[in-house]
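Per our numbering, residue 262 is the first one in the sequence shown, and the count goes up by one each step. Glycine included, each C-beta is placed from N, C-alpha and C at the ideal position. No experiment lies behind these values; they were computed from the predicted model shown. What follows is a single structure, written as structure tokens, with notes after it.
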Amino acid sequence: MNVARIITHNLGAKVLALVVAILVWFNASGQEEVISVRSASLVVDGVSDSLALSSSVPASANVRISATRRQMVALGFQRLVVGVDLSGLGPGRQRVPLTGNDVGGIGGIDPGRVQVIAPSVLEVDLEPVASRRLQVSLATVGALPANLVLLEGGVVIEPAWITVRGPSSRVDRIQHVTTEPVDLSRVRDSGTRDVNLDCADARLVCDPDRVTVSFRVSPRGERVLPNVPPTVLLDSDDVEAAVDPSMVSLTLQGPMAVLDTLSSGDVSVLLTVAGGAPAIHRIAAEVILPPGVRLAAISADSFEVRVVPVVPVEP
């Protein structure tokens with residue numbers, strides 16, 4: 262009998278025997294006991310409305326599972342969750358043992374064959390809940406584009422005050438709440454935007470958790486304001502002063518929306534003379550400008566102030 266005939270003789274029975282052998286092997290290997298350590302999300306629930314967590318809680322836990330290979334293959338598609346129920350616990354430090362009964366997503370595996378190994382006991386600190394009203398401040402990064410300037414009072418936050426709620430020890434420590442950073446370099450014109458708040462502590466809750474920030478900006482400009490008379494401030498009513506030059510020009514920079522409406526009455530060029538005796542003084546001026554406007558140049562670096570006695574008026 263040649264080799265080919267040996268192979269092909271009674272071929273159907275041989276193939277059937279091979280299939281049966283493979284099925285038996287798969288079934289036997291599927292019943293084999295294996296142990297696996299899996300990572301599971303850790304979720305805390307059931308905290309009383311009058312209490313708050315003041316300690317950090319790990320985001321995950323390690324779970325040891327003993328099951329058949331077939332069960333373990335099926336488990337590979339499940340998301341495991343360790344749920345920690347804090348119902349009925351009072352304030353202070355609490356120790357909560359974690360067992361297989363706390364693990365969700367294990368399908369038909371007996372919880373007795375599941376063990377939470379790290380952490381096996383969850384320690385948490387519970388505190389009475391406190392709340393405070395705090396003002397919101399704007400956090401920024403970058404700078405406005407060079408061609409823009411912020412108008413006076415040009416940032417408005419609504420609401421300006423919010424409520425912070427959480428563990429009393431942490432609420433007592435927080436003094437203010439800021440927004441998430443706003444990139445000023447991306448501001449192109451006046452407008453509003455919604456910005457999330459940064460409570461700086463994951464155990465605190467801000468209500469509301471976002472605010473509306475309004476910006477009022479104007480193109481940056483420059484303007485020459487001519488014929489501004491200086492004002493002399495004297496210590497005595499018995500003297501008077503003559504000033505040279507009697508008028509100056511001011512080169513001003515700031516928001517065009519403000520510069521366009523300025524007149525000489527909106528600015529002050531002050532010359533302060535100390536002492537009341539007649540004399541000639543050389544004085545640099547103090548220039549008072551509206552908010553948001555700066556002095557770029559003045560046509561006179563200093564002024565000659567001639568102080569003379571007041572001439573009595575003949576009756």
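For the alpha helix (DSSP H) containing residue i, name the first residue and the last one.
| i | result |
| --- | --- |
| R330 | R330 to L336 |
| D433 | S429 to R434 |
| L350 | Taken as a continuous stretch (DSSP letters only), L350 belongs to no alpha helix (DSSP H), as it is neither H nor E. |
| A518 | M517 to L520 |
Please report the straight-line C-alpha distance between residue i and residue j, rounded to a whole angstrom.
| i | j | result |
| --- | --- | --- |
| D455 | A313 | 28 Å |
| P319 | V385 | 10 Å |
| R471 | L458 | 5 Å |
| G351 | N323 | 27 Å |
| P380 | L336 | 21 Å |
| I296 | M333 | 9 Å |
| V375 | S392 | 41 Å |
| V566 | R484 | 27 Å |
| L556 | S510 | 11 Å |
| L465 | A301 | 25 Å |
| S327 | Q436 | 51 Å |
| P406 | S451 | 13 Å |
| G414 | P420 | 16 Å |
| D462 | R434 | 11 Å |
| S563 | C460 | 52 Å |
Taking 7 Å as the limit between beta carbons, can you name the residues of its chain near residue i, skipping five residues before and five after?
| i | result |
| --- | --- |
| A404 | L445 and S446 |
| D468 | I423, T424 and R426 |
| D527 | P551 |
| G291 | In this predicted model, G291 has a pLDDT of only 46, less than 50, meaning its place in the structure is not dependable; the value taken from the coordinates is given anyway. Within the same chain, G291 has close Cβ partners T329, R330 and R331. |
| P480 | N408, L409 and M517 |
| A502 | V493, L495, V534, V566, R567 and V568 |
| I418 | V397, L399, V472 and V474 |
| S321 | S300, A301, S302 and L303 |
Residues in the same chain with beta-carbon distance under 8 Å from residue i, minus the five sequence neighbours each way, listed in chain order, please.
| i | result |
| --- | --- |
| P372 | T360, G361, N362 and V364 |
| Q355 | L347, E384, V385, D386 and L387 |
| V304 | V342, V343, G344 and V345 |
| V443 | L399, A400, T401, V402, R454, V456 and V474 |
| I370 | I326, A328, Q332 and L336 |
| S448 | The residue you asked about is not Ser; residue 448 is Val in the sequence shown. Once the five neighbours on either side are set aside, the close Cβ partners of V448 are L405, P406, L409, F476 and V478. |
Would you call the CB atoms of residue i and residue j closer than 8 Å?
| i | j | result |
| --- | --- | --- |
| V548 | I541 | no |
| S524 | T492 | no |
| S429 | T453 | no |
| T440 | V478 | no |
| L486 | L513 | yes |
| V504 | V568 | no |
| P516 | V410 | yes |
| V554 | L532 | no |
| S311 | V390 | yes |
| A561 | P506 | yes |
| R340 | G368 | no |
Name, in chain order, the residues that DSSP records as bridge partners for residue i.
| i | result |
| --- | --- |
| V478 | L411 |
| N457 | R471 |
| R464 | The partner list for R464 (beta bridge, DSSP) is empty, contrary to what the question assumes. |
| S300 | N323 |
| S529 | I549 |
| G365 | V342 |
| I418 | V474 |
| V571 | Paired residue(s): none; V571 is not in a bridge. |
| D306 | D346 |
| P492 | Note on identity: in this sequence residue 492 is Thr, with Pro being the wrong assignment. DSSP output for T492 lists L531 as bridge partner(s). |
Short of 6 Å in beta carbon distance, which residues of its chain neighbour residue i, apart from the five on each side in sequence? Order them along the chain.
| i | result |
| --- | --- |
| E293 | R330 |
| G307 | D346, L347 and S348 |
| L284 | Only weak support is given to the placement of L284: the predicted model assigns it a pLDDT of 49, under 50, and the value that follows is read from those uncertain coordinates. Contacts found: none. |
| A545 | S563 |
| G482 | M517 and L520 |
Terminal residues of the continuous beta strand (DSSP E) containing residue i?
| i | result |
| --- | --- |
| P389 | V382 to S398 |
| L314 | L312 to L314 |
| R447 | Taken as a continuous stretch (DSSP letters only), R447 belongs to no beta strand (DSSP E), as it is neither H nor E. |
| H542 | A540 to I544 |
| I578 | Because the chain here runs from 262 to 576, residue 578 falls outside it and cannot be looked at. |
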